[in-house]
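Chemist: Right, I'll just put the structure down here and ask away after.
There are 2 protein chains.
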Amino acid sequence: VRRVLVTGASGFLGAHCLAALAARGWSDVHAVSRSAGCARGVTWHACDLFDAGALASLVQSLRPSHTLHLAWTATPGKYWTSPDNELWAAASMRLLEELARAGARRLVCAGSCAEYSWKYGLCSEKTTPLAPNSPYGKSKHALQMLLSSTGSSLGVSTAWGRVFFPYGPYEHRDRLTSYVIRSLLAGERALCTTGDHRRDFLYAGDVADAFVTLLESDLDGPINIGSGEAIAVKTVVAAIGKCIGRPELIQLGARPLLADEPDLLVADVQRLRDQLGWSPHTTLAQGINESVEFWKRHG
Amino acid sequence: VRRVLVTGASGFLGAHCLAALAARGWSDVHAVSRSAGCARGVTWHACDLFDAGALASLVQSLRPSHTLHLAWTATPGKYWTSPDNELWAAASMRLLEELARAGARRLVCAGSCAEYSWKYGLCSEKTTPLAPNSPYGKSKHALQMLLSSTGSSLGVSTAWGRVFFPYGPYEHRDRLTSYVIRSLLAGERALCTTGDHRRDFLYAGDVADAFVTLLESDLDGPINIGSGEAIAVKTVVAAIGKCIGRPELIQLGARPLLADEPDLLVADVQRLRDQLGWSPHTTLAQGINESVEFWKRHG
Chain A
-11 VRRVLVTGAS
-1 GFLGAHCLAA
9 LAARGWSDVH
19 AVSRSAGCAR
29 GVTWHACDLF
39 DAGALASLVQ
49 SLRPSHTLHL
59 AWTATPGKYW
69 TSPDNELWAA
79 ASMRLLEELA
89 RAGARRLVCA
99 GSCAEYSWKY
109 GLCSEKTTPL
119 APNSPYGKSK
129 HALQMLLSST
139 GSSLGVSTAW
149 GRVFFPYGPY
159 EHRDRLTSYV
169 IRSLLAGERA
179 LCTTGDHRRD
189 FLYAGDVADA
199 FVTLLESDLD
209 GPINIGSGEA
219 IAVKTVVAAI
229 GKCIGRPELI
239 QLGARPLLAD
249 EPDLLVADVQ
259 RLRDQLGWSP
269 HTTLAQGINE
279 SVEFWKRHG
Chain V
-11 VRRVLVTGAS
-1 GFLGAHCLAA
9 LAARGWSDVH
19 AVSRSAGCAR
29 GVTWHACDLF
39 DAGALASLVQ
49 SLRPSHTLHL
59 AWTATPGKYW
69 TSPDNELWAA
79 ASMRLLEELA
89 RAGARRLVCA
99 GSCAEYSWKY
109 GLCSEKTTPL
119 APNSPYGKSK
129 HALQMLLSST
139 GSSLGVSTAW
149 GRVFFPYGPY
159 EHRDRLTSYV
169 IRSLLAGERA
179 LCTTGDHRRD
189 FLYAGDVADA
199 FVTLLESDLD
209 GPINIGSGEA
219 IAVKTVVAAI
229 GKCIGRPELI
239 QLGARPLLAD
249 EPDLLVADVQ
259 RLRDQLGWSP
269 HTTLAQGINE
279 SVEFWKRHG
């Protein structure tokens, strides 16, 4: 019997993962977030995962076979240095321990490209140094190391999907693609950097599909979840301009790039492709179109 | 007012740190271990640090300004893969949180050369990849990352002393120098590897003196605590043979080297020497002599 618990279910990737679980035939789906949400066919639970007692009660009453742990503080501009990062690492370890006590089989967590050193451009699970600069990256990577050494001793199979640059519906309104889309839809200028830096963008629906595929597999350890393609930020922005038909509102070079932003960050997707057997479904034009349609409805 | 709490006080480094604190004029010294011990001028507390309630009570009642956190599972042959490693990481984070609540100023913890990748020989805080292979190294390094990102946000100054190859009195009887000394003192053969591999050995009294110096400083982050010298294992063993006067009992090559033992592991001690202003006091001959005298009394 398969029962899945999704944490952070009300968040950006959470929304896409609930849809991906439904699409892949998961019928006994439990979602948790601080305040209850709703989604068709999903049983929702309100729980503050920082509350150890509440977390224990939730897990012991549900006894999920599988867990997709996405919950983390992700407020743009704040999450890099928030003291919540360490609290999430600690709460996540408690989650693993409670899952083990409840006889869980599988736990998949969301990691980040921020765990890697950003000096090398390509981020490979095997060869790129793990030298996170931020409290966010450090806490994520610390948790990954603790999970990998603890999961097997507790009898829970674990995997760790490192997310790069997801975009799509439900993205925070202040993040890059949402901001540009909302600006252009409102007929306002979108102030951008030069956009010459390249990132590994992946449509959030694809990120979610990869996470659910990972959940269904028995791969363990870290695995990059990216497209494997380095796309210039200006290319993404131009795709939005084209989709909405207002390219003249895009102001490249109107904002400085932050000092520590690297030129290139791209996932090595060999493990994703060859070991998990997964590759992206959605083109940039399709993904941008979905995002634009979302903001037309929610703007 | 300075008050120091020493965890793991009944252990190998703990014994030396209590002596080093006394030697450097610390008068209000509190020691904690699972079962109470004793040491002159030290107030001892029995506490299981895995018990969150007991840990909180201890810290809130003592309210130490300074803490030297040495406690960890260190049973030879077992600690590398023990599930205790993760429990220690979790308990150590609780210790930091309780110290912050109690208004503590400074926390210094024991890290390990096992946090580094062992492919490079030299272990430098700045440049050597942190790629621990073992649950022990992973948990230690995970804790270091969490401390470094959390300590400052909680207002507690933290540092992390990475220990290499300490030897001396109170070392576990089955570890290298203790085993060879006990064998030779008993007139028995000591079965050794070829001893060609080089390690950074440092007399435990010196390790302790460096830890107390670090505790008194305001350096933060990781700092190697080593000699900076790569000494062949056979050189250490020969020094024992010479000290005891039974070199013929040493059987080099009688044991295989474990498959994953690197040829060379040595600390980059630039930070220790230049930023902390510390260097070793004890020669190998002196340190071995102290160890031999210890086993004559305790054998």
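Chains A and V supply the protein sequences, listed in that same order. Position one of the first sequence corresponds to residue -11 (my numbering), numbered consecutively onward. Position one of the second sequence corresponds to residue -11 (my numbering), numbered consecutively onward. For each residue, glycine too, the CB sits at the ideal point set by N, CA and C. Note that the coordinates shown come from a computational prediction; the quantities given were computed from them, not determined experimentally.
(1) Helix, strand or coil for residue 189/V per DSSP?
(2) Please classify residue 324/A: does DSSP put it in a helix, a strand, or coil?
(3) Between 42/V, 90/V and 261/V, which has its C-alpha nearest residue 217/V's C-alpha?
(4) Can you find a C-beta in chain A that's less than 9 Å from the C-beta of residue 4/V?
(5) For residue 267/V, go through chain A and note every residue whose CB falls closer than 7 Å to its CB, in chain order.
(6) Taking 9 Å as the CB-CB cut-off, is residue 244/A touching chain V?
(7) Is it right to say residue 101/V is buried, meaning 16 or more other beta carbons lie within 10 angstroms of its own, or is it exposed?
(8) How about residue 201/A and residue 264/A: are their beta carbons less than 9 Å apart?
(9) For chain V, find out if any of its Cβ atoms is closer than 9 Å to the Cβ of residue 117/A; answer yes or no.
(10) Using 9 Å as the limit for Cβ to Cβ distance, is residue 123/V near chain A?
(11) Between the Cα of residue 225/V and those of 240/V, 191/V, 76/V and 18/V, spot the shortest distance and give me the residue it belongs to.
(12) 9 Å is my cut-off, CB to CB: does residue 69/A come that close to chain V?
(13) Exposed or buried, which one is residue 175/A when buried takes at least 16 other CB atoms within 10 Å?
(14) With burial defined as no fewer than 16 other Cβ atoms inside 10 Å of the residue's Cβ, what is the status of residue -6/V: buried or exposed?
(15) In the structure shown, what three-state DSSP assignment does residue 120/V receive?
(16) What are the boundary residues of the beta strand (DSSP E) that residue 223/V is part of?
(17) Does the beta-carbon of residue 121/A have 16 or more other beta-carbons within 10 angstroms, so that it is buried, or is it exposed?
(18) Where does residue 32/V sit, in a helix, a strand or coil, going by DSSP?
(19) Determine, for residue 77/A, whether the minimum Cβ-Cβ distance to residues of chain V falls below 9 Å.
(20) First and last residue of the beta strand (DSSP E) that includes residue 112/A?
(21) Name, in chain order, the residues that DSSP records as bridge partners for residue 153/V.
(22) Kindly say whether residue 250/A, judged by its beta-carbon, lies nearer than 9 Å to any beta-carbon of chain V.
(23) Whose C-alpha, out of 256/V, 169/V and 95/V, is nearest the C-alpha of residue 279/V?
(24) Below 8 Å on the Cβ atoms is my contact criterion, and I expect residue 40/V with residue 82/V to pass it. Report the Cβ-Cβ distance as a whole number of Å.
(25) Which residues of chain V have a Cβ atom closer than 8 Å to the Cβ of residue 126/A, listed in chain order?
(26) Please work out which residues of its chain come closer than 7 Å, Cβ to Cβ, to residue 270/V, disregarding the five sequence neighbours upstream and downstream, and give them in chain order.
(27) Under 8 Å between beta-carbons, which chain V residues line up against residue 129/A? List them in chain order, please.
Modeler: Answer, in terms of the structure:
(1) strand
(2) Outside the shown range of chain A, which is -11 to 287, sits residue 324/A, and nothing can be said about it.
(3) Residue 261/V is the option with its Cα nearest to residue 217/V.
(4) no
(5) None at all; the shortest Cβ gap to chain A is about 28 Å.
(6) no
(7) buried
(8) In contact: residue 201/A and residue 264/A (Cβ atoms closer than 9 Å).
(9) yes
(10) yes
(11) 240/V
(12) yes
(13) exposed
(14) buried
(15) coil
(16) Per DSSP, residue 223/V lies in no beta strand (DSSP E); the unbroken alpha helix (DSSP H) holding it starts and ends at 221 to 232.
(17) So residue 121/A counts as exposed.
(18) Here residue 32/V sits in strand by DSSP.
(19) yes
(20) No beta strand (DSSP E) contains residue 112/A, which DSSP labels as neither H nor E.
(21) 189/V
(22) no
(23) 169/V
(24) About 6 Å separates the beta carbons of residue 40/V and residue 82/V, which is inside the 8 Å limit, making them a contact pair.
(25) Those within 8 Å of residue 126/A in chain V are 133, 134, 136 and 137.
(26) 191, 193 and 194
(27) 130 and 133
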